[in-house]
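As structure tokens, the structure follows; a few thoughts come after it.
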Amino acid sequence: TATEDGLVSLVENHIYALQKEGKVSLDQFVRFGVPNGNGFKYYRYRLPNTTEVALRELAYQEDGKLDSEYRKQIEEPFNQAVLDYESQRAKELSTKERRTLARKQADAEHAHFVAFKRARDDFRFRHKYLCFVKADGDNMGKVIQAIGNASGDLQQLSKILAEFAQAAVNEILAFGGIPIYAGGDDLFFVAPVQNERQAHILQLIKSLDEAFPQQALIRLAKQHQPGIKDLPSLSFGLSLTYHKYPMAEALENVDTLLLENAKQFELPGGKKNAVAFRVLKHSGQAFGTTLSKAELDKLLDLIAQSRQVDFNFLTSVQHKLADTKVLFEDALQHDVLPYYFEHHFNESVHQDNTFLQAVQAFCQLTYQMRTKDFDQVVYPALRFLQFLNQQDHD
Numbered sequence: 169t170a171t172e173d174g175l176v177s178l179v180e181n182h183i184y185a186l187q188k189e190g191k192v193s194l195d196q197f198v199r200f201g202v203p204n205g206n207g208f209k210y211y212r213y214r215l216p217n218t219t220e221v222a223l224r225e226l227a228y229q230e231d232g233k234l235d236s237e238y239r240k241q242i243e244e245p246f247n248q249a250v251l252d253y254e255s256q257r258a259k260e261l262s263t264k265e266r267r268t269l270a271r272k273q274a275d276a277e278h279a280h281f282v283a284f285k286r287a288r289d290d291f292r293f294r295h296k297y298l299c300f301v302k303a304d305g306d307n308m309g310k311v312i313q314a315i316g317n318a319s320g321d322l323q324q325l326s327k328i329l330a331e332f333a334q335a336a337v338n339e340i341l342a343f344g345g346i347p348i349y350a351g352g353d354d355l356f357f358v359a360p361v362q363n364e365r366q367a368h369i370l371q372l373i374k375s376l377d378e379a380f381p382q383q384a385l386i387r388l389a390k391q392h393q394p395g396i397k398d399l400p401s402l403s404f405g406l407s408l409t410y411h412k413y414p415m416a417e418a419l420e421n422v423d424t425l426l427l428e429n430a431k432q433f434e435l436p437g438g439k440k441n442a443v444a445f446r447v448l449k450h451s452g453q454a455f456g457t458t459l460s461k462a463e464l465d466k467l468l469d470l471i472a473q474s475r476q477v478d479f480n481f482l483t484s485v486q487h488k489l490a491d492t493k494v495l496f497e498d499a500l501q502h503d504v505l506p507y508y509f510e511h512h513f514n515e516s517v518h519q520d521n522t523f524l525q526a527v528q529a530f531c532q533l534t535y536q537m538r539t540k541d542f543d544q545v546v547y548p549a550l551r552f553l554q555f556l557n558q559q560d561h562d
């Protein structure tokens, strides 16, 4: 909320410059009116703050218009906070006075957030969190090494990666996220857990992964080194944190997830090319895991099926697998998981349950890929389902 001197104006000038270059639309930013002293208003633009990013799903009505309660409790108070900040910056205030004003502003923002939460029956636990995401191309050094000094193909490589970066920015903006950096095979952005179209963050990651020009890069590298083994791919770090969590720490977390988890990931038949996520709750509790792309696909299907079941049932499945862990693992080991599910979920409501079928498919794939530590994937994945669907009881 508090910003460095001149940063508000600097960001605003950059927004206008990007708009003139045709790289962004002003619709992607927050517009607010400022009285000019003559009874008229002129309009300014700013980036959404972290709370606004987290609440993206609730910001708009079905007709696409801004929700009135959101405007009243979230957007307009922050618009005023920006103006108040600029007014205060013009004054010579002591450090103590600035800190006092910052605390008052933080308290006011929290009060508005609570008021908004209480006014919405559809407020969920996920709406208090936002995502910090970093992506980095795997084995790109090998591709460049294969091309060598062939200047024409190096230019082609730059063109391919520039086109991917622009496509990625478009995807992120369309989702409701804010690109912070997009250069070649490197991405860094913040985004809501879920947007107003009910699309969630792992779907965005899947879309970005599909947009990555893997085949074009492979063809380019193989023109110079047909036997190249370390093929290009894209790895992701995803840190889901409370909307008021310190940004510097969130950045450290996502760096660790990308560099020390996703890019160090290794299974028989493949390295890197992974998605490492971690949910850090406001309470300090955390959970997460690192997924292969095959496991990501199964988890996406599992999430889709979870939207069709009652939250209590979803939770009961998670607890049942944990409470009968020995039997569950034995069923996986002896390839009789369908019989385990038939025995432990044998009520009529469980028959032909596509969610349970998706749970089985996810567990079987994970066990096949990593027998020894499959539980370090299955249980965090089920907790992620719970995180996406649970109500807020604070």
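Counting in the working numbering, the sequence shown runs from 169 upward without gaps.
C-beta atoms are modelled at their ideal positions from N, C-alpha and C, and glycine is treated no differently.
Between the Cα of residue i and those of the options, spot the shortest distance and give me the residue it belongs to.
{"i": "isoleucine 373", "options": "Ala222, Lys412, Asn421 and Phe445", "result": "Phe445"}
{"i": "aspartate 398", "options": "Glu237, Phe197, Arg266 and Gly438", "result": "Gly438"}
{"i": "glycine 456", "options": "Glu244, Gln544 and Gln334", "result": "Gln544"}
{"i": "aspartate 541", "options": "Leu408, Gly352 and Thr458", "result": "Thr458"}
{"i": "valine 301", "options": "Val311, Ala430, Lys310 and Gln187", "result": "Ala430"}
{"i": "glutamine 366", "options": "Ala379, Ala342, Gln453 and His561", "result": "Ala342"}
{"i": "leucine 329", "options": "Ala350, Asn338, Val443 and Lys310", "result": "Ala350"}
{"i": "leucine 553", "options": "Gln476, Gln501 and Arg538", "result": "Gln476"}
{"i": "glycine 320", "options": "Glu180, His392 and Arg286", "result": "His392"}
{"i": "alanine 336", "options": "Leu298, Glu378, Cys299 and Ser326", "result": "Glu378"}
{"i": "alanine 549", "options": "Ala499, Thr492, Leu495 and Asp465", "result": "Asp465"}
{"i": "glycine 395", "options": "Val192, Ser375 and Lys310", "result": "Lys310"}
{"i": "phenylalanine 496", "options": "His511, Lys191 and Lys264", "result": "His511"}
{"i": "leucine 298", "options": "Lys259, Leu468 and Tyr413", "result": "Tyr413"}
{"i": "asparagine 421", "options": "Val447, Lys272 and Asp491", "result": "Val447"}
{"i": "threonine 492", "options": "Phe513, Arg266, Asp503 and Leu419", "result": "Phe513"}
{"i": "valine 198", "options": "Arg239, Ala185, Glu230 and Glu189", "result": "Arg239"}
Secondary structure at residue i, three-state DSSP: helix, strand or coil?
{"i": "lysine 243", "result": "The sequence as given places glutamate at residue 243; lysine does not occur at that position. Glutamate 243: helix per DSSP, three-state reduction."}
{"i": "asparagine 396", "result": "In the sequence under discussion, the amino acid at residue 396 is isoleucine, which differs from the asparagine named in the question. Residue state, collapsed to three classes: coil."}
{"i": "tyrosine 413", "result": "coil"}
{"i": "proline 347", "result": "strand"}
{"i": "phenylalanine 433", "result": "coil"}
{"i": "phenylalanine 357", "result": "strand"}
{"i": "histidine 368", "result": "strand"}
{"i": "serine 451", "result": "coil"}
{"i": "leucine 261", "result": "coil"}
{"i": "arginine 117", "result": "This structure leaves residue 117 out entirely; the chain is present only between 169 and 562."}
{"i": "glutamine 391", "result": "coil"}
{"i": "glutamine 558", "result": "coil"}
{"i": "phenylalanine 380", "result": "coil"}
{"i": "lysine 540", "result": "coil"}
{"i": "phenylalanine 284", "result": "helix"}
{"i": "aspartate 321", "result": "helix"}
{"i": "glycine 438", "result": "strand"}
{"i": "lysine 302", "result": "strand"}
{"i": "arginine 294", "result": "helix"}
{"i": "arginine 446", "result": "strand"}
{"i": "glycine 456", "result": "strand"}
Note down, in chain order, each residue of its chain lying with its Cβ closer than 7 Å to the Cβ of residue i, except the 5 sequence neighbours on either side.
{"i": "glutamine 473", "result": "Thr522, Phe523 and Ala526"}
{"i": "methionine 308", "result": "Asp353 and Pro400"}
{"i": "glutamine 528", "result": "Leu505, Pro506 and Phe509"}
{"i": "serine 375", "result": "Glu339"}
{"i": "asparagine 204", "result": "Tyr210"}
{"i": "leucine 194", "result": "Gln187 and Tyr213"}
If you drop the 5 nearest sequence neighbours on each side, which residues of the same chain put their C-beta closer than 8 Å to that of residue i?
{"i": "threonine 171", "result": "The predicted position of threonine 171 is uncertain, since its pLDDT is 45 and thus under 50; no value can be drawn from it."}
{"i": "glutamate 331", "result": "Pro381"}
{"i": "leucine 426", "result": "Lys302, Ala303, Asp304, Ser403, Phe404, Gly405 and Ala444"}
{"i": "valine 581", "result": "Beyond the ends of the chain as shown, which are 169 and 562, falls residue 581; an answer cannot be given."}
{"i": "isoleucine 242", "result": "Thr219, Glu220, Leu223, Ala227, His280, Phe281 and Phe284"}
{"i": "leucine 261", "result": "Leu269"}
{"i": "valine 179", "result": "Arg214 and Leu215"}
{"i": "leucine 468", "result": "Leu370, Gln371 and Lys374"}
{"i": "leucine 325", "result": "Val311, Ile312, Ile315, Leu385 and Leu388"}
Does any heavy atom of the ligand FAD sit closer than 7 Å to the C-beta of residue i?
{"i": "lysine 233", "result": "In terms of ligand content, the structure shown is empty, and the ligand FAD therefore cannot be addressed."}
Suppose the cutoff is 6 Å on Cβ atoms and the five residues either side in sequence are ignored; what does the same chain contact list for residue i look like?
{"i": "glycine 344", "result": "Arg224, Pro360 and Asn363"}
{"i": "cysteine 531", "result": "Val546"}
{"i": "asparagine 247", "result": "Phe200"}
{"i": "isoleucine 340", "result": "Pro347 and Phe357"}
{"i": "proline 245", "result": "His280"}
{"i": "leucine 470", "result": "Ala526 and Phe530"}
{"i": "glutamine 536", "result": "none"}
{"i": "histidine 564", "result": "Past the boundaries of the shown model lies residue 564; the chain is included only from 169 to 562, so the question cannot be answered."}
{"i": "leucine 500", "result": "Tyr535"}
{"i": "arginine 551", "result": "Phe455"}
Kindly confirm or deny that the segment 382-391 and the segment 315-322 touch, where touching means at least three C-beta pairs closer than 8 Å.
yes
Which residue spans inside the segment 477-515 form an unbroken alpha helix (DSSP H) run of at least 4?
479-491, 493-501 and 505-512
Counting only runs of 3+ residues fully inside the segment 193-229, write out the beta strand (DSSP E) ranges in chain order.
198-203 and 209-214
Using 8 Å as the threshold, is the segment 547-560 in touch with the segment 289-302, meaning 3 or more CB pairs across them?
yes
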